[in-house]
Amino acid sequence: MTDPASTPAHSRPSGTPTSGSTDAVGFILRLGCALHNAGFSAHRLEATLSDVSRKLGLEAQFFSTPTSIMAAFGPPDSQRTHLIRAEPGSTNLSHLSGLDRIARDVVYGTLGPAEGNLRIERLLAEPPRWVLWQVLIAFVLVSVSVASFLKVGTGDLLCAALVGLLCGTIITRSRRHSEWLDIEEPLSAFLVATLAQFLAALIDSGAGYAITVAGLVVLLPGMAFTTGLIELSTRHLSSGTARLSGALVTFLGLGFGVALGTKLGTAVGGWMTAHDFVLHLSNAALPFWVEGIGVIVAPLCFTVLLQANAKEAPWIVLAAATAYLTSRFAGRALGEELGAFLGALMVSGGSTVIALRRDTTPIVTIVPGLLILVPGSIGLRSVTSFSQQKVVTGVETAFKVALIGVSLVGGVLAGRALTAALRRKRKGAPADEFSRTSEWTVSRDWR
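In short: position in the sequence shown from 1, add 238, done, that's my numbering.
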């Protein structure tokens with residue numbers, strides 16, 4: 239039998255793969271799976287794989303959803319189609335950075351596709367960037383930071399630390415026992431809300447709900463909600479609809495757990511108050527500078543929770559702090575929605591400019607920067623309002639979530655448009671440059 243690779247190109251059928259093209263197809267499929275598992279959204283994944291295929295000389299079409307990837311290679315009349323079933327991945331910024339480097343090395347010929355596949359396998363086989371005790375500390379500190387944003391008292395910060403530790407323990411354990419994954423959100427919400435209400439009653443504080451939100455902040459699907467809106471805005475309707483549906487189900491699961499936990503915790507707290515079983519701790523208002531510390535500590539926690547490289551921490555802090563401060567001050571002057579728009583614009587555009595200067599991928603700073611802006615806590619309040627028969631409040635809050643989400647999407651897309659114009663104006667930059675700043679992702683979630 240004649241080897242297709244040894245047959246002249248003009249005499250081979252158009253759909254017959256060569257050994258080189260087979261390696262390239264295998265590399266693209268492996269790259270797609272790795273990017274999907276590391277948190278790529280549909281529109282970014284399809285654009286990136288199409289760009290890599292074109293640079294490798296392959297004619298290809300891609301279709302991605304949160305749970306699958308379809309890839310077709312070759313001319314339409316002789317395509318070879320591949321279907322890959324995939325689970326929605328957790329964001330891993332160090333993997334995304336590594337995959338970026340591997341893809342560029344293969345595209346520019348530094349590595350062959352087969353060697354690129356081996357590099358991907360080695361990258362995915364590496365141990366986690368941050369170990370368990372570091373992750374648990376990050377859960378504690380991010381809960382304390384979020385509590386400081388919610389204007390709680392000094393004693394409430396200790397309560398937030400305890401519920402953050404509880405939530406982190408549940409999440410890290412469920413990652414090791416797959417049977418826990420399906421009940422992770424409602425179980426965490428129930429236990430966190432119960433403990434939060436109990437601790438609030440114990441120190442005679444009225445901030446039980448704020449403590450609950452601070453403890454559950456890692457589970458809130460605000461990023462998934464925003465990413466779904468971005469996918470719908472970029473005409474990826476199937477993926478966007480599926481992602482929004484997933485975010486809604488997560489909100490409902492969290493709301494159910496919070497409702498049950500709040501009832502139980504309030505009942506226990508009422509009994510404690512009736513029997514004067516209360517610790518009279520100082521719960522004074524926080525000084526103004528505590529929130530400033532939280533703006534720095536929260537992005538550092540994102541570095542750990544998103545498994546980013548430690549060297550990226552200063553840039554992550556810069557992006558998240560810029561987003562928060564822009565949104566905060568612009569929101570006071572111009573309204574919350576416009577503040578969210580400007581914060582997202584600063585993150586999207588600023589991350590691309592930084593990436594151009596550093597020759598890195600902007601995703602490392604875009605995702606943490608957006609996380610501090612997404613309306614997850616407001617969405618949870620909407621669901622809990624419905625569970626308490628407060629329909630008007632629930633509808634008003636849900637509408638506010640939609641407005642803030644659309645504002646964030648507008649800011650991200652505007653930042654992309656502005657920086658695309660800047661890239662085109664760069665002296666000597668080719669129009670079809672495979673740039674690290676082209677279309678590297680807004681992630682599904684930050685868990």
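Note that the Cβ used here is the ideal one computed from N, Cα and C, for glycine as well.
When rounded, the separation of the alpha-carbon atoms in Thr631 and Phe428 is 22 Å. In the structure shown, the three-state DSSP call for Ser328 is coil.
Between Cys271 and Ile322, the CB-CB gap stays under 9 Å.
Under the three-pair Cβ rule at 8 Å, the region 604-612 counts as touching the region 456-466. Boundaries of the beta strand (DSSP E) harbouring His320: 318-323, taken from the DSSP string. The residues Gly577, in chain order, have a CB closer than 6 Å to that of Gly569 in the same chain once the five nearest residues on each side in sequence are set aside. Short of 6 Å from the beta carbon of Arg268, and not among the five residues preceding or following it, lie these beta carbons of its own chain, in chain order: Asn355, Ile358. Annotated three-state conformation of Ile307 is strand, per DSSP. Pairwise C-beta distances place the region 580-591 in contact with the region 641-653, as three or more of them are shorter than 8 Å. Per the DSSP secondary-structure output, Ser302 pairs in a beta bridge with Ile307. Scanning the region 559-619 for uninterrupted alpha helix (DSSP H) segments of 4 residues or longer gives 574-596, 601-609, listed from N- to C-terminal end. In this structure, Leu273 sits away from Thr260, with a CB-CB distance that is not shorter than 9 Å. Under the 8 Å Cβ criterion, the region 292-301 does not count as touching the region 507-514, having fewer than three qualifying pairs. Collapsing the DSSP output to three states places Gly295 in coil. The three-state reading of DSSP puts Gly391 in strand, counting E and B together.
Ala523 is bridged by DSSP to Gly391. Nearest to Ala431 by C-alpha distance, out of Leu482, Ala505, Gly532, is Ala505. Note on geometry: alpha-carbon atoms of Val378 and Ala448 lie some 15 Å from one another. In the structure shown, Gln372 adopts helical secondary structure according to DSSP, grouped into three states.
Inclusion of Thr599 and Leu361 in the CB contact set at 9 Å is not warranted, their separation being larger than that value.
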